[in-house]
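What follows is one structure encoded as structure tokens, with my remarks underneath.
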DNA sequence: ATTATTAAATGGTTCACCCATTCAATGGAA
DNA sequence: TTCCATTGAATGGGTGAACCATTTAATAAT
């Protein structure tokens, strides 16, 4: 929908053929062949060029969230490429959270307001590929959350605190009614709200990305063992009290000890949760 | 060329047609039509299913870095989709840093060891889209680097310290020879090395992602103004001395004051650098 | 006025084909 | 034999035309 979608914010036309053939045909045939250095010259593929151009328009502000790109058939012609190649580029940008593709009349490729969850995907891929380890992620999480708590102490607004308190009430209710998995869902939400309370979207994004996978483990653990953290709500209340009083040292201390307790819960009865399975099940929409 | 590429790690076959049509044809025609709830049911597109399946194999460890996927034509047939659609999926995974596509005989789609720079791309897109602001990024950078310094004080190995010291020597040389842009390059490298010294790849990735764009600004500023930070090398040496002595409070204090100085340099002679231009120029390989 | 039908635009997908690159196998020349 | 040029097959890169499925606005029927 957005702003009645201005026809096309003109993603420039110049055919790609020329731009792509920047080959090393640097035919300065004559001169000294001695100490010439060669750039790595990786022939840019069409879809790369297209992604680059669209990203350029985004960076320059020519394309903004809500804008609609020309229809695939038109844009392909403007760029001088086939529709298939254009679609590869659009797909990549869609996966990057930059575009949203929508079918039907009035459909098209729309520029998205940033999807802050893309970083989570990066983190998950890094884990799957073994580039980072669960240990590193857990450790990073402790540090990042401690930073987040410090910022939240400094920056949390009244509305943030109220949202957190409402969350703790929901947690309390879920606990008393024995809805353990709902309680895990509340925990996920708690960290999300805490991230927002930091007052910095970059930090919040980072907090989310190191928390996402962790919560999946917690979920699996709780689902399989039926065990729930004892005294969670009380600790949350104490933490929120510290946060409300802007008491950094108490808040960080409480958070640290809570994270330690959770970690111990996850590690007891070892092997209960397989990294592989947890990651594999974590495909698209997360929710059970 | 990796492990002589085992034929195919078998990216399962079951045709996608069925899996994709998980439509709401939940034809329990008889029963009560009253309080039925409907799942959001967003018809999964073929390429999404393919990405999901490949990522699943990665998560399960069936596919590992270095492995080769079947050739496009084969895999497309196995999955029961057209080659074009398969390519959209492969492209997306390539852009996500999960695969590398290579031409020629013995070419193919190879699983990559994680590309830790993907997070930088996310950060850049978020900036381009206005989801995060330069202010937030700068602020986050200060906090993240402080955390990094603390970890580096605790974890830096001898080799890390030596690499950092060698970097400072290069910086010194570049400074004395007036190669200002090389000096900026050294600075970029310095933060990279510091990130590694943290001893945690997750933290390192985060440090890199918040530093990358910042360095682009510094580069542009230095290139346009010809101004260089005074006393940089001396400060670096003092910082490294503190790091070597594991003196957290000195190291963080020195880093914080340095970041402040850089920030002031960037902000003087205002308007010298446009966010838009800096981002737009930052497309693929960064280097000038 | 309301509701059903239709038609157009759009993304989703397929098919068949060709090009450019890579590299092992081949074979001729030294 | 050894070396180097040629060749050919396999692979990703790219094209164009066609068709399907969904969405929406305009239109027609009630």
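Chains as they are written, first to last, in my numbering: chain A, 1 to 288; chain B, 1001 to 1288.
Backbone N, C-alpha and C define an ideal beta-carbon position, used for all residues, glycine too.
Here the structure is a predicted model, which is why all the values come from computation and not from measurement.
Let me know the secondary structure DSSP gives residue 111 (chain A) once reduced to three states. strand
- Query: Closest Cβ-Cβ distance between residue 67 (chain A) and chain B: below 8 Å?
  - Reply: Between residue 67 (chain A) and chain B, the shortest Cβ-Cβ separation is not below 8 Å.
Close-in-space but distant-in-sequence residues of the same chain around residue 112 (chain A) (CB under 8 Å, 5 per side omitted):
Cβ within range, chain order: 65, 97, 98, 99 and 100.
**Message:** Contact criterion: CB-CB distance below 8 Å. Does residue 211 (chain A) meet it with respect to chain B?
**Reply:** no
inquiry  = Give me the DSSP bridge partner(s) of residue 1100 (chain B).
reply    = B:1110
The stretch 1104-1131 of chain B: positions lying closer than 9 Å to chain A by Cβ: 1111, 1112, 1113, 1114, 1115, 1116, 1118, 1119, 1121, 1122, 1123, 1124, 1125, 1126, 1127, 1128, 1129, 1130 and 1131
Subject >> Spatial neighbours of residue 193 (chain A) in its chain, beta-carbon cut-off 8 Å, leaving aside the 5 residues before and after >> reply: 160, 163, 164 and 167
* Asked: Any residues in the stretch 190-203 of chain A with a beta carbon nearer than 7 Å to a beta carbon of chain B? Which ones, in chain order?
  -> 200, 201, 202 and 203
Report task. Drop a sphere of 10 angstroms on the beta-carbon of residue 24 (chain A), count the other beta-carbons inside from all chains shown, and report buried for 16 or more, exposed for fewer. Result -> At residue 24 (chain A), the pLDDT of 34 sits below 50, so the modelled position is not reliable; the number obtained from the coordinates is stated separately. Exposed: under 16 other Cβ atoms inside 10 Å.
Can you confirm whether residue 227 (chain A), when its beta carbon is compared against all beta carbons of chain B, has any partner nearer than 8 Å? False, the Cβ-Cβ gap to chain B never drops below 8 Å.
Report the CB separation of residue 1152 (chain B) from residue 1243 (chain B) in whole angstroms; it is logged as a contact under 8 Å. A Cβ-Cβ separation of about 6 Å places residue 1152 (chain B) in contact with residue 1243 (chain B) under the 8 Å criterion.
* To do: Would you grab the beta carbon distance between residue 209 (chain A) and residue 120 (chain A) for me? Rounded to a whole angstrom, and I think it's under 8 Å.
  => Confirmed, about 5 Å.
From residue 202 (chain A) to residue 117 (chain A), what does the alpha carbon distance come to, in whole angstroms?
11 Å
Just mark residue 1154 (chain B) as buried or exposed, buried being the case when its beta carbon has 16 or more other beta carbons within 10 Å.
exposed
* To do: Keeping to the same chain, check which residues put their C-beta closer than 8 Å to that of residue 1190 (chain B); ignore five residues upstream and five downstream.
  => 1164, 1167, 1168, 1171 and 1236
*Kindly indicate which three-state DSSP category residue 1064 (chain B) falls into: helix, strand or coil?*
coil
- Item | As assigned by DSSP and simplified to three states, the class of residue 136 (chain A) | helix
C-beta neighbour in chain A for residue 1084 (chain B), strict 8 Å: yes
Margin query: Quick check on DSSP: helix, strand or coil for residue 1171 (chain B)?
Written below: helix
task: Would you mind stating whether residue 219 (chain A) and residue 259 (chain A) have Cβ atoms separated by less than 8 Å?
output: no
- Task: Please classify residue 1109 (chain B): is it buried, with 16 or more other beta-carbons within 10 angstroms of its beta-carbon, or exposed?
- Result: Label assigned to residue 1109 (chain B): buried.
Quick check: the stretch 69-89 of chain A against the stretch 41-55 of chain A, are there 3 or more CB pairs under 8 Å? The stretch 69-89 of chain A makes contact with the stretch 41-55 of chain A, as at least three CB pairs between them are under 8 Å.
For this session: Would you mind sorting residue 148 (chain A) into buried or exposed? The rule is 16 or more other CB atoms within 10 Å of its CB.
Result: buried
Q: Could you pull out every unbroken alpha helix (DSSP H) segment of at least 4 residues lying fully inside the stretch 162-220 of chain A, listed in chain order?
A: 180-197
Query raised in the report: Helix, strand or coil for residue 148 (chain A) per DSSP?
Result: helix
Q | Through-space distance from residue 200 (chain A) to residue 61 (chain A), alpha-carbon basis | A | Taking the straight line joining both Cα atoms gives about 22 Å.
ask   = How is residue 252 (chain A) classed by DSSP in three states: helix, strand or coil?
value = helix
Residues of its chain near residue 1093 (chain B), where Cβ-Cβ distance is below 7 Å and the 5 sequence neighbours each way are ignored:
Short of 7 Å from the beta carbon of residue 1093 (chain B), and not among the five residues preceding or following it, lie these beta carbons of its own chain, in chain order: 1051, 1054 and 1099.
Worksheet item: Going by C-alpha distance, which of B:1227, B:1079 and B:1102 is nearest residue 1067 (chain B)?
Response: B:1102
query = Can you tell me where the alpha helix (DSSP H) with residue 1156 (chain B) in it begins and where it stops?
reply = Element bounds for residue 1156 (chain B): n/a, residue is neither H nor E.
Between residue 268 (chain A) and chain B, is any beta-carbon pair separated by less than 8 Å? no
**Q.** Same chain, Cβ closer than 7 Å to residue 1305 (chain B), neighbours up to 5 away in sequence not counted
**A.** One cannot answer for residue 1305 (chain B) here, as it falls past the ends of chain B, which runs 1001 to 1288.
(Q) Using a 10 Å radius around the Cβ and a threshold of 16 neighbouring Cβ atoms, would you call residue 56 (chain A) buried or exposed? (A) buried
Exercise for review: Count the other C-beta atoms from every protein chain shown that fall within 10 angstroms of the C-beta of residue 221 (chain A), then say buried if there are 16 or more, exposed otherwise.
Suggested key: buried
Check: residue 1210 (chain B) C-beta below 7 Å from any heavy atom of the ligand MN
For the ligand MN, the structure offers nothing, since it holds no ligand at all.
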